[in-house]
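In the UniProt record's numbering, the protein residues as written are 1 to 240.
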């Protein structure tokens, strides 16, 4: 089982997901239809900066639920800098402005996936809570871990984080409470042909969705620059 973030001296410890999840929603989370397609893509080294922006935008309370303590900016940046994209798996949800609005960190206890266990951590931006993104990220992480041959997943979470505990329970996890902290344990079943094909398809769709959003953003940014360049001339026109 992975350890939580307790030291700022160990790079790999900083890169682990710690307490499992930011508080997804104080009010009741509204479940979306089961067939809702949420583009969730794998994130690589080139997304490190946006991961940092996403986590640094979390409120003090959200940081407390995500990391198990009210992490300061420097501590969050150390966590981001320590992310190991070769060993672990990072998943993200982008909006149409290419802002990262949800991310999950699936950390492995060792490089040997077959004998490794995994630990899950998730965060969702406040303005998009209640849309089921946390649950979708959990489902994607479970499917990926199964396809990698991992047999167990853990979520270390504060007992007051009822939203994350609900997600874990709905996913089939056993939750053990120990005072202010809880641990959700999920025994993973072996991968199937369906889970492998589904993950490949979802990843391709998410990549395509991301590129379409990037092209659309580039187009509208260009239009905006042209409008800005022409606006002074229009304002100086004698006909106005």
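Glycine included, C-beta positions come from ideal geometry on N, C-alpha and C.
Exercise. Alpha carbon to alpha carbon, what distance is there between residue 123 and residue 139?
Worked result: As a working note, residue 139 is residue 139 in the chain shown. As a working note, residue 123 is residue 123 in the chain shown. If you draw a straight line from the Cα of residue 139 to the Cα of residue 123, it is about 14 Å long.
Exercise. Per DSSP, residue 41 is paired with what?
Worked result: The residue labelled residue 41 in the question sits at position 41 within the chain shown. Note: residue 41 sits in a beta bridge opposite 92.
Exercise. Pick from 210, 214, 185 and 157: whose alpha carbon is nearest that of residue 273?
Worked result: With the chain covering only 1 through 240, there is no way to say anything about residue 273.
For this session: Please name the residue in 75, 45, 158 and 152 whose C-alpha comes closest to that of residue 179.
Result: As a first step, residue 179 must be located in the chain shown, where it is residue number 179. When each option's Cα is compared against that of residue 179, the closest is 158.
For this session: Kindly identify the DSSP beta-bridge partner or partners of residue 185.
Result: By one-based count along the chain shown, residue 185 stands at place 185. Residue 185 pairs with 154 and 174.
Exercise. What is the DSSP secondary structure of residue 100, reduced to helix, strand or coil?
Worked result: Looking up residue 100 in the chain shown gives position 100. If DSSP states are grouped into helix, strand and coil, residue 100 belongs with the strands.
For this session: Closer than 8 Å by C-beta to residue 73: which residues in its own chain qualify, once you throw out the five before and the five after it? Chain order, please.
Result: Numbered from 1 along the chain shown, position 73 holds the residue referred to as residue 73. For residue 73, where only same-chain residues beyond five positions count, the Cβ hits under 8 Å are 56.
Problem set entry | residue 21 versus residue 85: straight-line alpha-carbon distance, rounded | Looking up residue 21 in the chain shown gives position 21. Looking up residue 85 in the chain shown gives position 85. Interpretation of residue 21 is limited by its pLDDT of 47, a score under 50 that renders its predicted location unreliable; no figure is taken from the coordinates.
Exercise. Exposed or buried, which one is residue 37 when buried takes at least 16 other CB atoms within 10 Å?
Worked result: The sequence position of residue 37 within the chain shown is 37, counting from 1. Burial state of residue 37 is exposed, judged by a 10 Å Cβ sphere holding fewer than 16 other Cβ atoms.
Exercise. From residue 156 to residue 222, what distance separates their C-alpha atoms?
Worked result: By 1-based counting over the chain shown, the position of residue 156 is 156. By 1-based counting over the chain shown, the position of residue 222 is 222. C-alpha separation (whole angstroms): 45 Å.
Exercise. First and last residue of the beta strand (DSSP E) that includes residue 120?
Worked result: Within the chain shown, the letter at position 120 stands for residue 120. Counting along the chain, the beta strand (DSSP E) containing residue 120 begins and ends at 118-124.
Problem set entry | Pairwise C-alpha distance: residue 69 and residue 207 | The residue you call residue 207 lines up with position 207 of the chain shown. The residue you call residue 69 lines up with position 69 of the chain shown. Between residue 207 and residue 69, the C-alpha separation is close to 34 Å.
Problem set entry | Straight-line Cα distance separating residue 153 from residue 188 | Within the chain shown, numbered from 1, the residue matching residue 188 stands at position 188. Within the chain shown, numbered from 1, the residue matching residue 153 stands at position 153. One C-alpha to the other measures close to 7 Å.
For this session: Ignore the nearest five residues each way along the sequence and tell me which others in residue 199's own chain have a CB closer than 7 Å to its CB.
Result: Your numbering for residue 199 matches position 199 in the chain shown. Correct list, in chain order: 143, 144 and 147.
Exercise. Which same chain residues, not among the five before or five after residue 96, have their C-beta less than 8 Å away from its C-beta?
Worked result: Residue 96 sits at position 96 when you count from the first residue of the chain shown. If we look at residue 96 and ignore the five residues flanking it on each side, its Cβ neighbours are 213, 216 and 217.
Exercise. What residue does the alpha helix (DSSP H) around residue 141 start on, and which one ends it?
Worked result: Counting from one through the chain shown, the residue named residue 141 turns up at place 141. Taken as a continuous stretch (DSSP letters only), the alpha helix (DSSP H) holding residue 141 covers 133-147.
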